[in-house]
Each structure stands twice: as structure tokens, then as C-alpha cells.
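In our numbering, the protein residues as written are 2 to 251. Where is the CB? At the ideal position from N, CA and C, for every residue including glycine. As the structure is a computational prediction, the values presented were derived from the model and not from experiment.
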């Protein structure tokens, strides 16, 4: 079972209008600061946050209770003078957890009204999450042939295709900056990942390296996925057999 928490700025549109027309720089700094603090507070509890839209953040919160969310919400309310809601969803897949969270919010299922926390009653279960960490192989050579903006345009195309492909597998893909992506999944097989890599190779002549990590918490799964990715680079640099996909499980 995977537990996701969707953190969202509430009443964001009307609130931004109160700042006047010369507000964009302030909004960008606010959003960056919010993401930093959310990542910091949740990572302290072995969770991992992912940027969605700038007014919304997804967090893998396996093992966290409603009380844990309340304590984080209290700290955030002291740091930011704006409304924040948290909606918790559980499911067999990341997409199901995302949908259950959304349905709970629409149905106004309140877990803690004072702190604006929503969700269905949390169930105890075996928490396991799989994270797939991908990066573009040879991104330096791509940058040497294209301008910075052309590289960004290419990365967004890759992200779009990745998101659509893995959404069909009930998994959620996120762009993490640079040429790095992370996919929250539950039990995507290596042959499925190989299928995606082959499609990207065919469409764009680009190769991905892919590290997979499975653990009880988001932070531990990401650690194993990144460790797998580092091992792929080590094998490549040592001149051993080329490997594109490697998996570690805790």
C-alpha cells in the first residue's frame, strides 16, 4: 500500500490578486520557499516530496499518522501567511492513492478540521513503494549540440512522454530538475521499463539510465534508486558490460 499526501495552497488565485500587478517575482520566491520547507519537514520523517503544479506538492508519506501531518502543518502555518490544506490518500498503486485523496477532498472528508487535513480513515498495511530514478545518458554531448533552451524543450518532451506512458501503468512521473526524473510506482517490471527506454530511443535517439529502489518509505526507496543509478555509472566508467537498468530492494 502506498500513502500519498497532496499539499495545496488554498485560495491561491484570489490571494495573489491582493499583491498587485508587480507580484510575479514574489510569487516565485514564495513557491520556492514553500517547497524547500515542505521537503525539509517531511524528509525529517523519512518521506519525500515531489513538485507538481507550483501551488501543489505531492509527498510519499508511508507510515505517517494524522498527528504527524498536524505537527508539520503547525510548523508551516508559522512560516507562511497563507492557507494550506493536506489531503491523504492510500492505495495499491500511486495513481489509486492520488485518486482516493482527490475523492476525499471533493467529498469534504475531514481528518482534522482545525489544521485543514482531509482524507479517508487511514488503514494500517504493508507499506512498500517503488521509485524509478532516470537520467539522460550523455546529456553533456546533447548540450554541446543544442542551445540551453533547446535542451529544456527536449527535456519537457521526454517528460511528457514519460508521464503519459507510466500513467497507463498507474504510476506518477515527476521532473526533478536537470536531466533527472523520478517515477512513483508500485510494481512496474523491468521489461515495462525496457519498453519505455526502447520507445524513447526510437523517437529521439536518446538513452536513459534507470535505477530502481523499493522500500517501506519514500526516502529509502529514492536512496536505493539513486544508489542503483550510481552503480550503473560505475559499471560504465569501469569499462564493464553496459547496463541500463539496475534494481535494489530494502
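Tell me whether residue i sits in a helix, a strand or coil according to DSSP, three-state version.
i: residue 23; result: coil
i: residue 189; result: coil
i: residue 253; result: No answer is possible for residue 253: it lies beyond the span of the chain, which begins at 2 and ends at 251.
i: residue 11; result: strand
i: residue 84; result: strand
i: residue 168; result: helix
i: residue 97; result: helix
i: residue 43; result: helix
i: residue 77; result: helix
i: residue 35; result: helix
i: residue 148; result: coil
Rounded to the nearest angstrom, how far is the Cβ of residue i from that of residue j, given a contact under 8 Å?
i: residue 5; j: residue 98; result: 4 Å
i: residue 112; j: residue 217; result: Between residue 217 and residue 112 the Cβ distance is about 22 Å, and since that is not below 8 Å, they are no contact.
i: residue 134; j: residue 198; result: Actually they are not in contact, since the Cβ atoms of residue 134 and residue 198 sit about 14 Å apart, beyond 8 Å.
i: residue 8; j: residue 95; result: 16 Å between Cβ atoms; not a contact.
i: residue 126; j: residue 105; result: In fact, because the Cβ distance is near 17 Å, the residues do not count as touching under 8 Å.
i: residue 209; j: residue 52; result: About 20 Å separates the two Cβ atoms, so there is no contact after all.
i: residue 223; j: residue 183; result: 7 Å
Evaluate residue i with the Cβ neighbour count: other Cβ atoms within 10 Å of its Cβ, from every protein chain shown; 16 or more gives buried, anything less gives exposed.
i: residue 136; result: buried
i: residue 170; result: buried
i: residue 63; result: buried
i: residue 203; result: exposed
i: residue 35; result: buried
i: residue 49; result: buried
i: residue 26; result: exposed
i: residue 186; result: buried
i: residue 91; result: buried
i: residue 30; result: exposed
Bridge partners of residue i, per DSSP?
i: residue 103; result: In the DSSP output, where bridge partners are listed per residue, residue 103 has none listed.
i: residue 61; result: 5, 49
i: residue 113; result: 118
i: residue 108; result: DSSP, once it has assigned bridges, lists no residue as partnering residue 108.
i: residue 250; result: 215
i: residue 124; result: For residue 124, which the question treats as bridged, DSSP gives no partner whatsoever.
i: residue 89; result: 6, 120
i: residue 175; result: 183
i: residue 67; result: Residue 67 pairs with nothing; no bridge assigned.
i: residue 130; result: 216
Check your understanding: Which whole runs of the beta strand (DSSP E) in the stretch 177-243 are 3 residues long or more, in chain order?
Key -> Scanning the stretch 177-243 from its first residue to its last, the whole beta strand (DSSP E) runs of 3-plus residues come out as 181-186, 209-216.
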